[in-house]
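According to the UniProt record's numbering, the sequence shown is numbered sequentially starting from 1.
Think of the CB as a built atom: it goes at the ideal place given N, C-alpha and C, for glycine as much as any other residue.
Quantities reported herein were computed from a predicted structural model and do not represent experimental measurements.
One structure is given below, encoded as structure tokens.
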Amino acid sequence: MTNDGSTPDEGRAWVSLFSGGKDSSWALYRALESGLPVERLLTVHPAGDSYMYHVPETRLASLAAESVGIPLIEVEPDDFGADAVVDAGEQGDAELEPMEAALRELAADLPLAGVTAGAVESEFQTSRIEAMCERLGIDLFAPLWQRDPAELGEAMLEAGFEITILQVAAAGLDESWLGRTLDRSALEELAELNEEYGVHVLGEGGEFETFVTDGPHMDRAIDLEYDVEWDGTRGRIRVTDARLE
Numbered sequence: 001m002t003n004d005g006s007t008p009d010e011g012r013a014w015v016s017l018f019s020g021g022k023d024s025s026w027a028l029y030r031a032l033e034s035g036l037p038v039e040r041l042l043t044v045h046p047a048g049d050s051y052m053y054h055v056p057e058t059r060l061a062s063l064a065a066e067s068v069g070i071p072l073i074e075v076e077p078d079d080f081g082a083d084a085v086v087d088a089g090e091q092g093d094a095e096l097e098p099m100e101a102a103l104r105e106l107a108a109d110l111p112l113a114g115v116t117a118g119a120v121e122s123e124f125q126t127s128r129i130e131a132m133c134e135r136l137g138i139d140l141f142a143p144l145w146q147r148d149p150a151e152l153g154e155a156m157l158e159a160g161f162e163i164t165i166l167q168v169a170a171a172g173l174d175e176s177w178l179g180r181t182l183d184r185s186a187l188e189e190l191a192e193l194n195e196e197y198g199v200h201v202l203g204e205g206g207e208f209e210t211f212v213t214d215g216p217h218m219d220r221a222i223d224l225e226y227d228v229e230w231d232g233t234r235g236r237i238r239v240t241d242a243r244l245e
């Protein structure tokens, strides 16, 4: 794994594992800032709950990719081939298969140097992506890995990221967080919730999910219209319209 932005092999391309959420967007942004030639984005659309992937509103990734200006590869739910998965580890392995297959197919036409990933602390996700990269003979660029979450959040805001919270599922996060902008005030509140409830400041454990509507790596901001769904303990926004401004 590399997180230092080292110079890539000549003539080989990078693929950014991309959901449109803050973490994968930050990994993409840092890769571009480091001079890595990211020539494709790759989004997996999980059919349901997932151990490996960002879940809500992944269809927005195509709009984000258009704003970023990098072609997007989309892996559909029907591409998943898992049968009778019995535990989290097996599900995680099965969920990785269509991503790896997509990268192998891409590598036949585009020599790959590596992929970017937005994992912060998840050994579950990172170990599997590292193993995949070893099988493919490519590198992994993970600039968020084991960085301080509060510092990462501040760095995203300092760079100009505009981040919307799409989904919450943790004690202390109520309906008022749905559709909220993840700004400095929100980061301060999340730090307090971390002390009280153990909520991860960046939502790494699935406590909340986000979407980046604007940033320095994007040419145009994304405007969202949505409905709010709340069941009393968890909820999400359901995007009804999204467009580039």
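For the options GLY20, THR126, MET132 and SER25, the alpha carbon positioned closest to that of ALA159 is the one of SER25. The distance from the Cβ of GLY20 to that of ALA61 is about 4 Å, consistent with a contact at the 8 Å cut-off. As a beta-bridge residue in DSSP terms, GLU74 pairs with THR43. The C-beta of GLY235 has 16 or more other C-beta atoms within 10 Å across all chains shown, which makes the residue buried. 8 Å or more divides the Cβ of ARG30 from the Cβ of ALA113. At a Cβ-Cβ threshold of 8 Å, HIS217 and VAL68 count as neighbours. Secondary structure of GLU130 (DSSP, three-state): helix.
In the DSSP assignment, TRP230 falls outside any alpha helix (DSSP H) and within the unbroken beta strand (DSSP E) covering 222 to 230. The criterion of a C-beta distance shorter than 8 Å is not satisfied by LEU63 and THR43.
Rounded to whole angstroms, the separation of the alpha carbons of MET99 and GLU229 is 30 Å.
Excluding the 5 residues flanking it on each side, ALA155 has no same chain C-beta neighbour closer than 6 Å. Linking VAL120 to THR240 through their CA atoms gives a straight-line distance of about 30 Å. Exclusion of the five residues before and after VAL38 leaves ALA13, TRP14, VAL15, SER16, LEU28, ALA31, LEU32, ILE70 and THR116 as the residues of its chain whose Cβ lies within less than 8 Å of its Cβ. Judged by DSSP in its simplified three-state form, ARG184 adopts helix. Remark: C-beta atoms of ARG180 and ILE165 approach each other more closely than 8 Å. In this structure, the straight-line span from the alpha carbon of ASP231 to that of GLU95 is close to 28 Å.
In this structure, DSSP gives PHE124 a helical state, which the three-state scheme calls helix.
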